[in-house]
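Line by line, the protein sequences give chains Y and V.
One point on numbering: in our numbering, the residue at position 20 of the first sequence is 20, and numbering is uninterrupted.
Heads up, our numbering is the position in the second sequence plus 185, with the first residue counted as 1.
Glycine included, C-beta positions come from ideal geometry on N, C-alpha and C.
Number of protein chains: 2
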Amino acid sequence: MYREGFTTTVSAGALAERLCGRFRPGHFDGVATVVTKLLLQARPDIACFGEKDYQQLQIIRRVVRDLDIAIHIEGVPTVREDDGLALSSRNAYLSAEERRIAPALHRTLAAVRARVDAGASPQDAASWGGGELIQAGFTKLDYLEICDAETLAPLATADRPGRVCAAAWLGKTRLIDNVPLKGAP
Amino acid sequence: MYREGFTTTVSAGALAERLCGRFRPGHFDGVATVVTKLLLQARPDIACFGEKDYQQLQIIRRVVRDLDIAIHIEGVPTVREDDGLALSSRNAYLSAEERRIAPALHRTLAAVRARVDAGASPQDAASWGGGELIQAGFTKLDYLEICDAETLAPLATADRPGRVCAAAWLGKTRLIDNVPLKGAP
């Protein structure tokens, strides 16, 4: 994939520095670079990426649009366990006790969305949600943020399409999840 | 060319920071980004770029190879006036006196190459060349460097394909030029 002398980087700029980008410097530049290579090698008409990695999906959409790569990027809804936990290879690392706590992530994001849809400010709903996750047993919160669905910039008011995104730790396992705001126009 | 919300940058990394990159920070990232867009919009089989902008040519070659863009990049030899001055839109800015001095750039690069081909060390030949340019009437030297023809890293010994590259000022006009090392294997 990376030939001798490889030096090129594709970066989505600000989009790569928000949310998970604050905790994983450089990660999304690596993603943008390798996905650009994959798309230009395979040159499909359509490429599908899961909504669970929502920031990754938005970065790929942005890079494909910005660099005029003639491929349609399709977001695929997150597949979940019956209790709401998003499917992820990382779930295998959870202890039985952690696995019991884990569904609180999706449940909390849905409750935060309901609060914003009912008129709460994004900030109030987000800080409430952070407290809920810790109370449920998550050991550390990286972020719980309500952001613009496209630019991923924090939303001050829910006046356009938004996304509730979070990353939180259960012991040594970091889980991420996200849901759309429903009330946005 | 740049749609609303544009955030993506393509960078050739170290290659963009050498030679002219030291004097024009960010310039070659802009070049790499817009050329990537142009190539992916037009999708030609072959794209030609002049050797006069040698660093630009090498950056485009690197990016096209690194990102698996299926386009052949063809370098086109520099076109020169009878006295050796490389054709450039900037030549129109030269006063009559500066125009008289300007061919010393190509003449000096050729003499530096001859010295290296005759066994001089790249460093000795480069420092000699810098002195020649100032003596000829150039008002400032940005660099005169003998570098690896592909990576543009400075060459300690002429044991592989190299390029003699320079940027120097005549009053308010900055001229660049380059010639290949001939003695390299």
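- For Y:R65, the neighbours in chain V by C-beta distance under 7 Å run, in chain order, R188.
- A residue is called buried when at least 16 other Cβ atoms come within 10 angstroms of its Cβ; Y:P122 meets this threshold and is buried.
- V:Q243 is positioned such that its CB atom lies closer than 9 Å to that of V:L337.
- In the three-state reduction of the DSSP assignment, V:S273 falls in the coil class, being assigned neither a helical nor a strand state.
- Beta-bridge partners assigned by DSSP to Y:C20: none are found.
- Spanning the alpha carbons of V:R284 and V:N276 requires a straight line of approximately 8 Å.
- Shown here for V:R300: same chain residues with a beta carbon closer than 6 Å to its own, the five before and five after excluded, namely A310 in chain order.
- For Y:L94, there is no enclosing alpha helix (DSSP H), since its DSSP letter is neither H nor E.
- By the Cβ rule, the region 135-150 of chain Y counts as touching the region 169-176 of chain Y, because three or more pairs are nearer than 8 Å.
- Neighbours of V:Q226 in chain Y, taken as residues at a C-beta separation under 8 Å, are given in chain order as D68.
- Rounded to the nearest angstrom, the Cβ distance from Y:K37 to V:D253 is 5 Å, consistent with a contact under 8 Å.
- The beta-carbon distance between Y:H72 and Y:D45, rounded to whole angstroms, is 7 Å. This is short enough to meet the 8 Å contact definition.
- Looking at the DSSP output, V:F213 sits in no beta bridge, so it has no partner there.
- Within chain V, no C-beta atom comes less than 8 Å from the C-beta of Y:F23; the nearest is roughly 20 Å away.
- Counting only runs of at least 3 residues, the region 230-305 of chain V fully encloses the following beta strand (DSSP E) elements, listed from N- to C-terminal order: 231-235 and 257-261.
- Looking at the backbone, the Cα of V:K367 and that of Y:D66 are separated by about 41 Å.
- Note that the C-beta distance between Y:A102 and Y:L87 is not below 9 Å.
- Under the DSSP definition of a beta bridge, V:G347 partners with V:D333.
- Against chain Y, the beta carbon of V:R247 has neighbours under 7 Å at T7 and T8, listed in chain order.
- Counted as a single uninterrupted DSSP element, the alpha helix (DSSP H) harbouring V:P307 occupies residues P307 to A321.
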